[in-house]
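Its first residue numbered 1, the sequence shown is counted upward by one per residue in this note's numbering.
Don't be surprised by glycine CBs; every beta carbon is placed ideally from N, CA and C.
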Amino acid sequence: MQILALDIAGTPFRWLDIERAITYAACGKVAWEVGGDEFVFHGGTRRDGERSVVSLRPVIALAKSEAMVRYLQPLPLGHDNMLLFRRDRETCAYCGERFEYRALTRDHIVPKARGGRDTWTNVVTACRYCNMRKACRTPEEAHMPLLYVPYEPCRFEHFILTGRRILADQMEYLAARLPRHSRLMLHRCLHTPE
Ligand SMILES: [Zn+2]
């Protein structure tokens, strides 16, 4: 399980593992929290003999985090293809079929050999067959028009793409803030790998 950490203004900041989230809570760094479910954790024994208890909700905003988001790096595409395939819903941009991860590849719209860059807007998910057929050509040259337009995920989309086993309260928080055009809104039930 992971806890979604926000900055004080409600912008997603980081997925926290439980130990880290408990540390924040135990140090009084949780400014406010969201979610119906509450998780209770028992810690070590205190000096008075009582065991310490920390309770956490699925979404927490960290105190004194006003400036955190300003220092965040642009959201990386990553070297493995998981985020890309999830953005594109495991669907080939050229034939429109859905495939398992192992049958999919990262296609550079403008091929790398011709100066195309490894950026969110120059890559799409393609099945092995379509990628081979397109070869070192642009979609126009190959007469293989793109069936969807690649885009750079916004911060809320990025957290949906990178979360593992996202809890209902967390998904609700993120999904409510997605832009209308988001492709992640097409299906309520998002596939998240175990
Ligand atoms: Zn294909």
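Proximity of the beta carbon of E97 to ligand 1 is indicated: a heavy atom of the ligand is located closer than 7 Å. Around the Cβ of C92, a 10 Å sphere holds 16 or more other Cβ atoms; the residue is buried. Per DSSP, the continuous alpha helix (DSSP H) segment holding A168 begins and ends at 168-175. Short note on A126: C-beta closer than 7 Å to some heavy atom of ligand 1.
Rounded to whole angstroms, L178 and G163 show a C-alpha spacing of 15 Å. Taking non-hydrogen atoms of ligand 1 into account, the C-beta of C154 is found less than 7 Å away from none of them. The region 133-152 makes contact with the region 111-121: 3 or more CB pairs, one atom from each, lie closer than 8 Å.
Counting every other CB atom within 10 Å of its CB across the protein chains shown gives Y101 a total below 16, marking it as exposed. C127 is positioned such that its CB atom lies closer than 8 Å to that of F99.
By the Cβ criterion, the region 44-63 is not in contact with the region 147-158, since fewer than three pairs of Cβ atoms, one from each stretch, lie closer than 8 Å. Distances from the alpha-carbon of N81 to those of R106, A61, E157 put R106 closest.
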